[in-house]
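Okay, so here's the structure we're looking at.
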Amino acid sequence: MGLWNKLSNEFIDIVEWLDDNPNVMVHRFERYQNEIKMGAKLTVREGQVAVMVNEGQMGKGQVADVFMPGMYELSTENMPLLSTIKGWKYGFNSPFKAEVYFFKTTRFTNLKWGTAGPATMRDPEFGVVRVTAFGIYGLRIRDAKTVLLELVGTQADFTIQDIEENLRGKIGLRIKEVMPEIGVPVIDLESKVTVVGQRIQEKIAGDFEQYGLELCEVQVQDIGLPEEVEKAIDQQGAMRAIGNMQQFAQYQGAQALRDAAQNPGMAGAMMGVGVGGMLNQSMGNLFGAQNPAQATTAAPASAAMPPPLPGATPYFVAINGAQAGPFERTALQAQVANGTLTRESLVWRQGMAGWAKACEQADLHDLFAAMPPPLPPQ
């Protein structure tokens, strides 16, 4: 630095920060040897806060005066804390050494977060489910002194990238911890991302305060569910759209029988003959209430068919007040394992007069063999 620049820096009496970089959160005002003239003009613009620090001593006792937006003439009167630290008397008029940090107090947005691995949630319908999530959040500086001590240190320029890198892991871990506490069923997570974001913000806002920051918002952009849960959600949606599963299954069976009967050749003819009895039975069950005579006529044809093998007939199951199914043997075993199908669950299959408890069906007894019976009343 030349002699003229040295002298110019020593006699410049304006302290300000012309904010020209949107990514800088905190800026340290640079002066030759950190010397500031008593009576210098300090300009703090809207959206800024300035903090005076005793030269080279970054500690709680050395972070001195805070200046809100406005124009100040630096003197012992408006720097009471720094004056106390340095032991100045009123009327002190020599250049002094101090550091001035400018803080941007506007909102910073589009900061990314993501859970550090799946969060384990307990759901009343699906049991234990592992869920991942990611999104963005926004923050702003709330307490400049705390930010200076906890995050900035002695950096000349502290950027949004610095804080994002510092907080990304902490935020993802905290969100993973609070996901099981937000109180939203797994099946509703993707449709209620706004509610999920608000509840996450409420639960982790306190973690930002310890750094002098305010968490302004949390947006959830995606929820990752296990493949089997997504398939179950799709199946439930399809079942609700279909409505009466029994009539839908009979309709599908009738369509398949018609297609088989129309198949040319001996194989098609034999299939048409073999499935004729089942077609009569299906049509009789479907329309029997409208035409009792036809239902009675169809009975002998169905009686000529051999009974199904034990356990081979699929069952419908009443789940949460709605019928679901039909389920084959393997699917029923899976439902017993996850608690969806119990001894007291109502079931129905072809040939039953009405819905009945699963424990009353002889061909289902072995499904519950490994399950303990209900406790006797106290």
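The working numbering applies: residue 1057 is where the sequence shown begins, and numbers increase by one.
Beta carbons: idealized from backbone N, C-alpha and C, even for Gly.
Just so you know, these numbers come straight off a predicted model, no measurement behind them.
For residue j and residue i, the rounded distance between their alpha carbons
i            : j            : result
residue 1110 : residue 1250 : 45 Å
residue 1266 : residue 1260 : 11 Å
residue 1211 : residue 1219 : 12 Å
residue 1156 : residue 1084 : 6 Å
residue 1373 : residue 1404 : 7 Å
residue 1245 : residue 1172 : 18 Å
residue 1215 : residue 1375 : 54 Å
residue 1100 : residue 1072 : 7 Å
residue 1057 : residue 1075 : Residue confidence for residue 1057 is low, a pLDDT of 46 falling below 50, so the modelled location carries little weight; the figure read from the coordinates is stated next. Roughly 25 Å between the two C-alpha positions.
residue 1272 : residue 1224 : 16 Å
residue 1415 : residue 1431 : 15 Å
residue 1387 : residue 1380 : 12 Å
residue 1188 : residue 1170 : 8 Å
residue 1397 : residue 1222 : 48 Å
residue 1371 : residue 1287 : 20 Å
residue 1382 : residue 1410 : 15 Å
Candidates the options, of which the one nearest residue i by Cα
i            : options                : result
residue 1160 : 1199, 1191, 1183, 1128 : 1199
residue 1168 : 1126, 1316, 1228       : 1228
residue 1284 : 1259, 1184, 1260       : 1184
residue 1438 : 1101, 1130, 1102, 1126 : Residue 1438 lies beyond the range of the chain shown here (1057 to 1434); nothing can be said about it.
residue 1255 : 1270, 1243, 1236       : 1236
residue 1070 : 1098, 1170, 1081, 1425 : 1098
residue 1153 : 1124, 1120, 1175, 1282 : 1120
residue 1096 : 1166, 1127, 1103       : 1127
residue 1399 : 1408, 1388, 1413       : 1413
residue 1190 : 1268, 1230, 1309       : 1230
residue 1425 : 1393, 1195, 1166       : 1393
Span of the beta strand (DSSP E), counted from its first residue to its last, around residue i
i            : result
residue 1423 : No beta strand (DSSP E) holds residue 1423; DSSP gives it neither H nor E.
residue 1192 : 1183 to 1197
residue 1104 : 1104 to 1110
residue 1069 : That residue, residue 1069, is in no beta strand (DSSP E); it is neither H nor E in DSSP.
residue 1085 : No beta strand (DSSP E) contains residue 1085, which DSSP labels as neither H nor E.
residue 1418 : Residue 1418 -> no beta strand (DSSP E), and no H or E assigned at all.
residue 1237 : Careful: residue 1237 lies outside any beta strand (DSSP E) and carries neither H nor E.
residue 1097 : 1097 to 1100
residue 1168 : 1164 to 1170
residue 1126 : 1126 to 1129
residue 1212 : No beta strand (DSSP E) holds residue 1212; DSSP gives it neither H nor E.
residue 1075 : No beta strand (DSSP E) holds residue 1075; DSSP gives it neither H nor E.
residue 1177 : 1175 to 1179
Residue interval of the alpha helix (DSSP H) (run including residue i)
i            : result
residue 1201 : 1200 to 1203
residue 1208 : Unbroken run through residue 1208: none, as it is neither H nor E.
residue 1229 : 1216 to 1234
Go through the segment 1240 to 1272 residue by residue and report every complete run of the alpha helix (DSSP H) that reaches 4 residues or more, in order. 1249 to 1265
Counting only runs of 3+ residues fully inside the segment 1371 to 1411, write out the beta strand (DSSP E) ranges in chain order. 1371 to 1375, 1378 to 1383, 1402 to 1404
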